[in-house]
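A.B. asks: Take a look at this one; I'll ask things after.
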Amino acid sequence: MKAMAVVLERPEHLVLSQLELSTPGDDDVVVEIDWSGISTGTEKLLWSGRMPAFPGMGYPLVPGYESVGRVAQAGPGSGRRAGDAVFVPGSSCFGPVRGLF
Numbered sequence: 672m673k674a675m676a677v678v679l680e681r682p683e684h685l686v687l688s689q690l691e692l693s694t695p696g697d698d699d700v701v702v703e704i705d706w707s708g709i710s711t712g713t714e715k716l717l718w719s720g721r722m723p724a725f726p727g728m729g730y731p732l733v734p735g736y737e738s739v740g741r742v743a744q745a746g747p748g749s750g751r752r753a754g755d756a757v758f759v760p761g762s763s764c765f766g767p768v769r770g771l772f
């Protein structure tokens with residue numbers, strides 16, 4: 672499955688990329704994002720290149736780790752159904768491209 676995403680490739684350099692999503696498991700959902708917040712802390716530091724070393728953070732990165740959207744696809748063990756409105760507190764589905772938290 673593929674998705675379009677804004678990717679911070681390096682400080683002050685954004686690109687629009689088509690990314691391969693990880694295969695969803697039985698407990699996972701795929702969410703079509705409507706809105707995503709950008710942190711004035713973490714993501715501002717990553718944008719400027721001043722983010723201190725932190726495990727799991729670096730480039731390339733899909734910014735926006737607090738998102739709201741609708742379930743597009745739901746695994747049988749997820750407890751969700753297609754169309755459900757959800758809050759996404761973080762993600763880790765972009766393969767080699769990082770997501771925050």
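Per the working numbering, the sequence shown runs over residues 672 to 772.
Glycine included, C-beta positions come from ideal geometry on N, C-alpha and C.
Model, not experiment: these values are computed from the prediction.
In this structure, what does DSSP give as the bridge partners for isoleucine 704?
C.D. replies: Isoleucine 704 pairs with Gly740.
A.B. asks: Apart from the five residues just before and just after glycine 746, which ones in its own chain have a Cβ nearer than 8 Å to its Cβ?
C.D. replies: Closer than 8 Å at the Cβ level, and outside the excluded window around glycine 746, lie Pro695, Gly696, Asp697, Asp698, Asp699 and Val700.
A.B. asks: Between the stretch 732-747 and the stretch 707-722, are three or more C-beta pairs nearer than 8 Å?
C.D. replies: In short, these stretches touch, since the Cβ pair count reaches three.
A.B. asks: Just to confirm my understanding: we take alanine 753, look at its own chain, exclude 5 residues before and 5 after, and list those with CB closer than 7 Å. What are they?
C.D. replies: Excluding positions up to five away in sequence, the list reads Val742, Ala743, Gln744 and Ala745.
A.B. asks: Any idea what DSSP makes of glutamate 683, helix, strand or coil?
C.D. replies: It is coil, neither helix nor strand.
A.B. asks: Return yes when the Cβ of serine 693 is within less than 8 Å of the Cβ of alanine 676, no when it is not.
C.D. replies: Against a cut-off of 8 Å, the Cβ pair of serine 693 and alanine 676 comes out as no contact.
A.B. asks: Once the 5 residues before and after leucine 685 are set aside, which same chain residues still bring their CB inside 8 Å of it?
C.D. replies: Contacts found: Val677, Val678 and Leu679.
A.B. asks: Can you name the start and end residues of the beta strand (DSSP E) that phenylalanine 758 belongs to?
C.D. replies: Taken as a continuous stretch (DSSP letters only), the beta strand (DSSP E) holding phenylalanine 758 covers 756-759.
A.B. asks: When the distance is taken between beta carbons, is glycine 740 closer than 8 Å to glutamate 703?
C.D. replies: Yes; because the gap between Cβ atoms is below 8 Å, this pair is in contact.
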